[in-house]
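Read in order, the letters of the sequence shown correspond to residues 1 to 374 in the working numbering. Even for Gly, the Cβ is constructed at its ideal location relative to N, Cα and C. Predicted, not measured: the structure shown is a model, and the values here were computed from it. Step one of this worksheet: look at the structure below.
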Amino acid sequence: MVSLDPILFVFIGYNLEVSGAYMGLLSAIWSIAYVLISKALNRVADEGYNKFLLLFAFGSLGIAYLCFRSLNHITALLSYTMHAVSVASMNLAISVTMLENIDSDLWQTSSILQRCLSSLARGVVLIVMSFEGVLSIHNLFWISLTLAVISLILTPSISLTLARKIYRLSRSLDELGMYIKASSSILFLDKPNLVQHIFTYSWDKWNTIPPYKILISTTMTTALGDYVFTVLPIILRNYIVLSNMWMAYGIAAVLSAITIAILKDLSTNRRGFAIPLIAIRTCVLILGLSVIKDLVSLTTYIVLSSLLYMLIDITLYNMFIEVSAGFSTANYFISREMGSILGSLIGGIMIAFGDTPFLAVATVIGSLAALILI
């Protein structure tokens with residue numbers, strides 16, 4: 001289902017006579033709908049009603065397809081909005097199902113695997129769509145609806161929401177143990193090296209970043225990507241055909257999934273990993289725009305930016321679920337979409353002012369995403 005997102009957006013940008021402002025509005029409305037639905041269904045997710053969330057996702061996707069069948073400027077907005085509702089509900093269902101049915105020690109690995117599979121599926125679909133006549137967007141809607149029904153049938157219900165509660169209790173006990181260990185170090189004043197080891201180990205282990213900083217960084221990181229990619233179809237549609245756009249996005253998604261799978265054993269829940277990645281991605285997004293001339297350069301640009309974003313997203317998400325004990329995961333998704341709203345609207349406006357102001361604002365957004373984590 002998620003694979004419909006870039007396809008719908010790019011399809012609308014190429015097939016309707018739209019401006020950068022319209023594309024910014026389209027992306028912003030998608031994110032607003034995503035935020036509102038995520039917030040509204042957060043309690044439902046925390047209570048473990050994953051089947052209801054899946055059913056809601058299926059119904060919303062069906063409405064999105066009905067709107068898409070007669071595509072114009074209004075129905076495009078309606079279809080894309082209902083797709084956002086569907087994705088929000090599906091993401092919450094997947095998240096709560098994983099967190100309640102998988103041991104907390106495997107949460108990070110599971111989140112990486114889930115993103116890899118999602119990216120791989122999206123990439124394969126996009127590559128297939130780049131060959132004309134093989135797979136239409138109408139076929140893709142029907143495939144997504146079918147998969148939604150299968151998910152509804154096969155996904156196990158959650159009877160008791162114990163896993164995250166136990167993990168939160170365990171974290172609280174461990175944190176209490178940290179203070180006891182640090183306080184007890186005074187008993188070893190005659191052994192300063194031992195005191196330093198006990199105190200430093202205990203403090204460093206729990207000197208975690210506040211959740212709000214993670215969420216702000218997530219917002220800014222997403223904003224930068226949407227700031228650029230919202231107007232990319234408008235910039236490129238005059239000299240890169242739609243099939244090449246599908247191919248570029250598809251190759252990027254597949255390579256990102258493969259790379260993340262290879263790097264899955266990296267410690268992806270620390271700010272020391274996130275900050276340099278955010279800085280590198282900012283440079284790639286800003287400097288790379290000037291070298292996009294053909295399919296190869298476009299694919300390289302999307303591959304690098306997509307791979308870096310996936311690594312950053314996994315890192316920030318793992319940091320968040322660690323400090324929040326897996327509760328209120330909707331807040332993470334909401335912060336991500338708030339960034340999408342911000343980036344889409346500003347990008348759609350700033351592109352009209354020329355290259356220099358556009359790139360200057362992009363630099364500010366990327367810098368804020370990294371600095372908030374320091």
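Length of the line joining the Cα atoms of residue i and residue j
i, j, result
"I374", "G343", "22 angstroms"
"Y65", "L295", "30 angstroms"
"V291", "V284", "11 angstroms"
"L215", "V228", "20 angstroms"
"V134", "H73", "26 angstroms"
"I209", "F333", "18 angstroms"
"Y249", "L41", "31 angstroms"
"P211", "F320", "6 angstroms"
"G225", "I37", "22 angstroms"
"S340", "I280", "20 angstroms"
"I286", "T329", "30 angstroms"
"A261", "S151", "23 angstroms"
"S306", "S256", "7 angstroms"
"N318", "I251", "26 angstroms"
"T356", "S110", "41 angstroms"
"F273", "V254", "23 angstroms"
"D46", "V323", "16 angstroms"
"T97", "T299", "34 angstroms"
"A116", "I258", "It should be pointed out that residue 116 corresponds to Cys in this sequence rather than to Ala. Whole-angstrom Cα-Cα distance: 7 angstroms."
"M90", "V364", "33 angstroms"
"F58", "M247", "28 angstroms"
"Y179", "T315", "With a pLDDT of 47 at Y179, under the threshold of 50, the modelled position of that residue is not reliable, and the figure given next carries that caveat. Taking the straight line joining both Cα atoms gives about 27 angstroms."
"T146", "V128", "18 angstroms"
"L304", "S70", "36 angstroms"
"I112", "S95", "12 angstroms"
"S31", "I153", "28 angstroms"
"A360", "G48", "44 angstroms"
Residues of its chain near residue i, where Cβ-Cβ distance is below 6 angstroms and the 5 sequence neighbours each way are ignored
i, result
"R237", "Y14"
"R271", "I209, L373"
"T282", "G366"
"L311", "L277"
"V241", "none"
"N335", "Note on identity: in this sequence residue 335 is Ser, with Asn being the wrong assignment. Excluding sequence neighbours, S335 sits near L215, T218, T219."
"F141", "Y65"
"S297", "V291"
Close beta carbons around residue i, own chain, < 8 angstroms, minus the five adjacent residues each side
i, result
"P233", "F9, V10, G13, Y14, M23, M245"
"V231", "G20, M23, G24, G347, G348, I351"
"A362", "L224, Y227, V228, T282, L285, I286"
"G354", "none"
"K213", "I372, L373"
Selection from the options that minimises the alpha carbon distance to residue i
i, options, result
"I158", "I127, H138, E100, T222", "E100"
"T400", "M338, F131, A93", "Any question about residue 400 goes unanswered here, given that the chain covers just 1 to 374."
"S27", "M247, H83, V128, I312", "H83"
"T222", "A370, K39, L298", "A370"
"L16", "A76, F58, S31, K39", "A76"
"L368", "I275, V44, N50, W142", "I275"
"M220", "G59, E337, I32, V85", "E337"
"L263", "L308, Y49, I235", "L308"
"I29", "I63, K39, L71, V85", "V85"
"S302", "G288, I314, T315", "Sequence check: residue 302 is Ile here, not Ser. For the residues G288, I314, T315, the minimum Cα distance to I302 belongs to G288."
"K293", "Y239, L345, N331", "Y239"
Same chain only: Cβ atoms within 7 angstroms of residue i, ignoring 5 sequence neighbours per side
i, result
"I137", "I7, F11"
"S243", "S130, E132"
"C67", "T75, L78, S79, M82"
"I235", "none"
Near the ligand GDP: residue i beta-carbon under 8 angstroms from a heavy atom
i, result
"L277", "This structure lacks the ligand GDP; in fact it carries no ligand of any kind."
For the stretch 52-61 against the stretch 121-131, do three or more pairs of beta-carbon atoms, one drawn from each stretch, fall closer than 8 angstroms, so that the two count as touching? no
Which runs of the alpha helix (DSSP H) fall wholly inside the stretch 12-47 and span at least 4 residues, in chain order? 20-46
Quick check on the DSSP output: what are the complete alpha helix (DSSP H) runs of length 4 or more inside the stretch 250-328, in order along the chain? 271-288, 295-324
Please list the segments of the alpha helix (DSSP H) lying wholly inside the stretch 90-151, counting only runs of 4 or more residues, in order along the chain. 107-129
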